[in-house]
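Written below as structure tokens is the structure these notes are about.
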Amino acid sequence: MDCDLPYYLDIVDFLPDATFVVDSRRRIVAWNKALEELTGIKKDTLIGAGDYAYAVPFYGERRPVLVDFVFWEDRKNEIHYKLVERKSNHIFGEAFSPHLYGGKGAHLACTAAPILDDKGNLIGAIQSIRDISRCAQTENELRLSEERFSRAFRASPNMMSISYLDDHAIIDVNDVFLQTVGRAREEVIGKKITDLGLWLDPAERDRIVASIDENAGIRNVEIVFRDKSGGDRHGLFSAEIIEIHSRKCLLGIINDVTDRVHCDREMARLDRLYLVGEMAATIAHEIRNPLTNILGFTEILKTESQDAANSSYFDYIIEELHHANSIVEEFLFLARSKPLVLKKQNINDILQAIAPLIKASSVHDKKSVEFELNEIEEIPLDEKEIRQLVLNLARNGLEAMPPGGVLTIRTFMNHQDVVLEVIDRGPGIPPEALDKLGTPFFTTKENGTGLGLAVCYNIADRHKAEIKVKTGRQGTTFFIIFKQA
Ligand code: ADP
Ligand code: MG
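Here the sequence shown is numbered in the working numbering, starting from 44 and rising by one per residue.
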């Protein structure tokens, strides 16, 4: 044993941390009580032992530990520590010892330091060891739960954001959020969430946020928000108050249910359409036969009647009967009684064929019709139905405009889709009517049937075409998009 060291040794025994001391040849000269407790190895069996004997209780083999690093300058790799840091002449390191506690193992934080004599010569070294397993475990769990949260946050199909509760500054948002608002992450972080234009009414957000119960948060509040294109979208807003760096933050989640809302509406419309279709089938058949009979007999009566004075009445009756018949025909469209006869053809040809008819009806009211027929592809169409569709839309457009108004009928290609547009310069459709368009019997006209658009939607459906409406004070445009996907 090196005789320069003894005055340390007694003190070492009382240190609360597990500690051992080696001499300049790295033989064990002290192994304190705390270390005996930690390893279960008594000091008597180890004092004087060299050749890395101190590593055996920890690793089950002889190998360098932190204390050896005191003697080496550059053999860091030979010490299997997770982290080794040198601060002045102290060395800190963390390692996992698989042998402690009967093989359960423990995370250790170690400190090693040189022992120098008066002249500054290295005469030994000391290492203390602390079991940090519990700290390491909670730290690890915390890291894992943070990692799990962050993964859920990033991958969520819902829009998610975290912002400070007091000044609304955004801390983080996920990709879906960025896609919806159409901005890059750098443009958003640090901005006020209320400045993004996401909320139609920022005051509404304030009201909802103010109503949040700190313990329970809020769930699925229906909101309308605005996306990057300025379109209104329906969402379910949920929020939770969380604390980050002891500052209150709001974790906001918006579940975009726009498609579902539209789908529900569409289903309701189809439901009504179906009901009317059923009704129409029965009524149309019941009425058509007597009507045809009346028409036939009236025509016979007219030819047999010599009375010229009555002839104009007969004409009137026959005209009215034809009108009644045409209403029945419209009903029949809804009844889907006719099978679709699809033939590959060009809509422009159909439009050219009915152009005189539309023009004639417009001249009557001092209005005019313009056609702008661009080159388009042939697609499968039922000519009779497309005629009906265009006539109904043109009639509505003409009826919406005051005398002098010009109706435009346009065709063009949009990517692969053929698009038919009917554009009027009327007063537009008020929002409350917009939702009801296509609902059978919805009309704002004194003599309207409210069936024209229902028929149009029906025909579009059968052609797998989509009807879109753009309306404003400058007029209304109906788009019929024949999807070719
Ligand atoms: P009707 O023409 O018999 O009223 P429609 O189903 O064709 O029935 O139209 C339903 C309603 O939709 C109309 O009464 C009108 O209020 C509205 N509408 C349809 N097309 C237009 C248009 N181009 N401009 C303004 N309103 C329209
Ligand atoms: Mg109409």
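Ideal placement from N, C-alpha and C gives every residue a C-beta, glycine not left out.
I want to check one thing, is the minimum distance from the CB of G495 to the heavy atoms of the ligand MG below 6 Å? yes
How about A61 and L89: do their beta carbons lie closer than 7 Å? no
Per DSSP, what are the beta-bridge partners of H133 in this structure? K130
Hey, T519 and I472: beta-carbon distance below 7 Å or not? yes
Just to confirm my understanding: we take Q459, look at its own chain, exclude 5 residues before and 5 after, and list those with CB closer than 6 Å. What are they? Q527
Bridge partner(s) assigned by DSSP for A198: A198 pairs with nothing; no bridge assigned.
Quick one: what's Y207 bridged to in DSSP? C292
Within a Cβ cutoff of 8 Å, which residues of the same chain sit near I232, ignoring the five residues on either side of it in sequence? I213, I214, D215, V216
So that I know if they touch, is there some Cβ in chain C lying closer than 7 Å to that of A503? No chain C is part of this structure, which consists of one protein chain only.
Leaving out the 5 sequence neighbours to the left and right, which residues in its chain are closer than 7 Å to G240 when beta-carbon positions are compared? R269
Uninterrupted beta strand (DSSP E) stretches inside the region 353-434 (no shorter than 3 residues): 386-388, 411-416, 422-424
Anticipated Cβ contact below 8 Å, K271 with T237, distance rounded: Between T237 and K271 the Cβ distance is about 17 Å, and since that is not below 8 Å, they are no contact.
Residues in the same chain with beta-carbon distance under 6 Å from N401, minus the five sequence neighbours each way, listed in chain order, please. Residue identity differs from the one stated: residue 401 is Ile in this sequence, not Asn. Closer than 6 Å at Cβ, skipping near neighbours: V412, A437.
What is the DSSP secondary structure of T346, reduced to helix, strand or coil? helix
Closest by C-alpha distance to F522, when choosing among F484, R248, E442, V433: V433
So is A352 buried or exposed if we call it buried at 16+ other beta carbons inside 10 Å? exposed
Indicate whether the contact test is met: 3 or more Cβ pairs, each with one atom in the region 491-498 and one in the region 415-423, closer than 8 Å. no
Which residue's Cα is closest to the Cα of I502: D467, N490, Q431? Q431
Close-in-space but distant-in-sequence residues of the same chain around I296 (CB under 6 Å, 5 per side omitted): N201, M203, S281
Residues bridged to G518 by DSSP? G515
So, L293 versus S206, is the Cβ gap smaller than 7 Å? yes
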